[in-house]
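With the numbering used here, you'll find the sequence shown wraps up at 364, consecutive numbering, no jumps. Glycine included, each C-beta is placed from N, C-alpha and C at the ideal position. Take a look at the structure set out below.
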Amino acid sequence: MLDSAQVTYQILWQSHATQSIEQTAAQRGICPSQMLKTIVLRDMGGRYAMACVPGDQQVSPPKVRQYLGCRRMTLANAEQVRTVTGYELGAVAPLATPHSLPVFFDRQIWAYDTVTISSGDRHAGLWVKVEDLIALCQPTLADICRAKSSEAY
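Below is the structure:
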């Protein structure tokens, strides 16, 4: 998708799959805030959305649900994530999913000119320009992060 859109990117290979944002950032040689993690949420009616927030932040499902007009949203489980995105947990990218999903980016994405996203492979990430990522994903830009003192997602 990036090649066909003529988007410049760099692959960041990792020596092994990681279990946390901190481990991934360390392998990539960056700080967690430079990573854009993609969280899949599900409402009680079975609708899904992708929420992308900086790696050192947590998504607020109540904030996302306000944009979708639903009563409750929860994190999708591993099977649901795989079904709706085609990716495994820990490898979800906001690009090229088999189902059209609403995509939300937290406004903090503008803190950097470039960020890393998952490549769809747990052994690699991608450096991309924020402006290119926004042009490709056409997200809703919103305040969707939790307050730092809240329970983590």
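Proximity winner among the options, relative to residue i (alpha-carbon distances)
{"i": "R318", "options": "G256, L213, R253, C263", "result": "C263"}
{"i": "M284", "options": "A307, M255, R293", "result": "M255"}
{"i": "F316", "options": "Q217, G266, G301", "result": "G266"}
{"i": "I232", "options": "A302, V314, T308", "result": "A302"}
{"i": "A322", "options": "Q230, A228, Q217, Q245", "result": "Q245"}
{"i": "P350", "options": "Q268, V275, Q269", "result": "V275"}
{"i": "T229", "options": "S329, R253, V314, Q277", "result": "S329"}
{"i": "I320", "options": "H310, P309, D354", "result": "D354"}
{"i": "Y278", "options": "D214, V314, H227", "result": "V314"}
Cβ-based burial, residue i [other Cβ within 10 Å; buried from 16]
{"i": "P273", "result": "exposed"}
{"i": "R258", "result": "exposed"}
{"i": "A208", "result": "The structure shown does not extend to residue 208, since the chain is modelled only from 212 through 364, so no value can be given for it."}
{"i": "A236", "result": "buried"}
{"i": "G280", "result": "exposed"}
{"i": "A282", "result": "It is worth fixing the name first, because residue 282 is Arg in this sequence and not Ala. Looking at its Cβ environment, which holds fewer than 16 other Cβ atoms inside 10 Å, R282 is exposed."}
{"i": "Q268", "result": "buried"}
{"i": "L352", "result": "exposed"}
{"i": "K359", "result": "exposed"}
{"i": "E362", "result": "Residue placement at E362 is flagged as unreliable, the pLDDT there being 49, under the threshold of 50; a coordinate-derived value is accordingly withheld."}
Proximity below 8 angstroms, CB of residue i to CB of residue j
{"i": "R333", "j": "S271", "result": "no"}
{"i": "A307", "j": "M212", "result": "yes"}
{"i": "A260", "j": "L312", "result": "yes"}
Rounded Cβ spacing between residue i and residue j (contact assumed at less than 8 angstroms)
{"i": "V341", "j": "T325", "result": "7 angstroms"}
{"i": "L347", "j": "A216", "result": "6 angstroms"}
{"i": "V339", "j": "V218", "result": "7 angstroms"}
{"i": "A304", "j": "G331", "result": "5 angstroms"}
heavy atom of the ligand PLP below 7 angstroms from residue i C-beta
{"i": "Y298", "result": "Looking for the ligand PLP in the displayed structure turns up nothing, as the structure carries no ligands at all."}
Pairs of beta-carbons, one from the segment 215–226 and one from the segment 236–243, closer than 8 angstroms: are there three or more? With the cut-off at 8 angstroms, the segment 215–226 and the segment 236–243 touch.
Taking 8 angstroms as the cut-off, does the segment 245–254 touch the segment 293–308 (at least 3 CB pairs, one atom from each stretch)? They touch, by the three-pair rule.
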